[in-house]
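To start, the structure itself, in structure tokens.
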Amino acid sequence: MLTVAIQAGGQSRRMGRDKGLILLRGQPMIRHILDRVVDLGDEVLVTTNRPEDYAFLGVRLAPDEKPDGGALSGLRTALLAAHGDKVLVLGCDMPFVSRPLLSHLIELSSQADLVVPKAGGYYEPMHAVYDRRCLAEIEASLEAGDMKMTSFFPRVHLLTVEDHDLDLLDPERLSFFNINTPEDLAQAERMLSEA
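Residues in the sequence shown are numbered from 1 upward in steps of one, following the working numbering.
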């Protein structure tokens with residue numbers, strides 16, 4: 001069983017409000033992602049600090065146990081809330097997710113505890129498939145105060161999808177375009193109007 005989990009943690013300092021609810025072409029940004037991935041898994045859930053703000057989506061909501069715990073704590077929440085062992089985790093600020101890439105990650109997920117793209121030498125942890133077996137190492141990182149999403153990677157069986165595969169599945173790397181600033185939002189609007 002595969003769960004698709006979209007992390008909609010909370011307030012963005014640079015955007016001044018919850019990024020998942022920012023309108024992009026007249027719809028909340030999270031809706032763009034949800035529409036692209038809703039049928040990729042057996043269930044969809046959204047991890048959030050404010051579930052009441054996301055009730056309109058009509059999907060299962062998983063409140064963060066530690067609202068100020070950041071993305072790593074949100075990942076823990078997703079793994080605990082999922083009904084199955086595999087969880088495809090996406091950020092709510094990445095509206096151009098690639099279905100071919102996500103399908104590839106899902107296909108590979110039986111081979112490792114974690115399948116993650118590595119674009120230009122950098123991991124994309126908010127675009128990866130995690131197994132529940134990662135939970136103990138995530139909790140160890142949280143207990144140690146190491147909040148980096150990649151902090152536990154060396155301690156789990158990791159499989160990366162490298163640039164040569166990304167060139168075929170998402171050549172422009174649009175999957176990893178995330179919206180952090182008003183300028184990013186304007187660029188995303190332009191990209192959608194040109195599509």
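All residues carry an ideal CB built from backbone N, CA and C; glycine is no exception.
Check, Outcome
"Keeping to the same chain, check which residues put their C-beta closer than 7 Å to that of GLU137; ignore five residues upstream and five downstream.", "PHE152, ARG155 and VAL156"
"What does the alpha-carbon distance come out to for the pair ASP35 and ALA144?", "37 Å"
"Please classify MET149: is it buried, with 16 or more other beta-carbons within 10 angstroms of its beta-carbon, or exposed?", "buried"
"Could you tell me the alpha carbon to alpha carbon distance between GLN111 and ARG190, rounded to whole angstroms?", "38 Å"
"Return the first residue and the last residue of the alpha helix (DSSP H) that HIS32 is part of.", "29–37"
"So does the region 126–137 actually touch the region 46–60, counting three or more Cβ pairs closer than 8 Å?", "no"
"Taking just the CA atoms, how far does GLN27 sit from HIS114?", "The question names His, but residue 114 is Leu in the sequence shown. For LEU114 and GLN27, the distance between alpha carbons rounds to 31 Å."
"With a floor of 4 residues, list each alpha helix (DSSP H) that falls wholly inside the region 111–147, ordered by position along the chain.", "135–143"
"Who are the near neighbours of LEU159 in its chain, counting only those whose CB is closer than 8 Å to its CB and skipping five residues on each side?", "LEU108, GLN111, ALA112, LEU114, VAL115 and VAL116"
"What residues match up with ILE6 in a beta bridge as DSSP calls it?", "VAL46 and LEU90"
"If I'm right that MET126 touches PHE177 with Cβ under 8 Å, what's the distance once you round it to whole angstroms?", "Not confirmed; about 12 Å, so no contact."
"By the three-class DSSP mapping on this structure, what secondary structure does THR77 have?", "helix"
"If I measure Cβ to Cβ from LEU105 and keep anything under 6 Å in the same chain, skipping five residues before and after, which residues do I get?", "VAL115 and VAL129"
"What does DSSP give as the partner residues of LEU158 in its beta bridges?", "LEU114"
"Here's a check: name, in chain order, each residue in its chain whose Cβ is nearer than 6 Å to the Cβ of TYR123, leaving out the five neighbours to either side.", "VAL116 and THR150"
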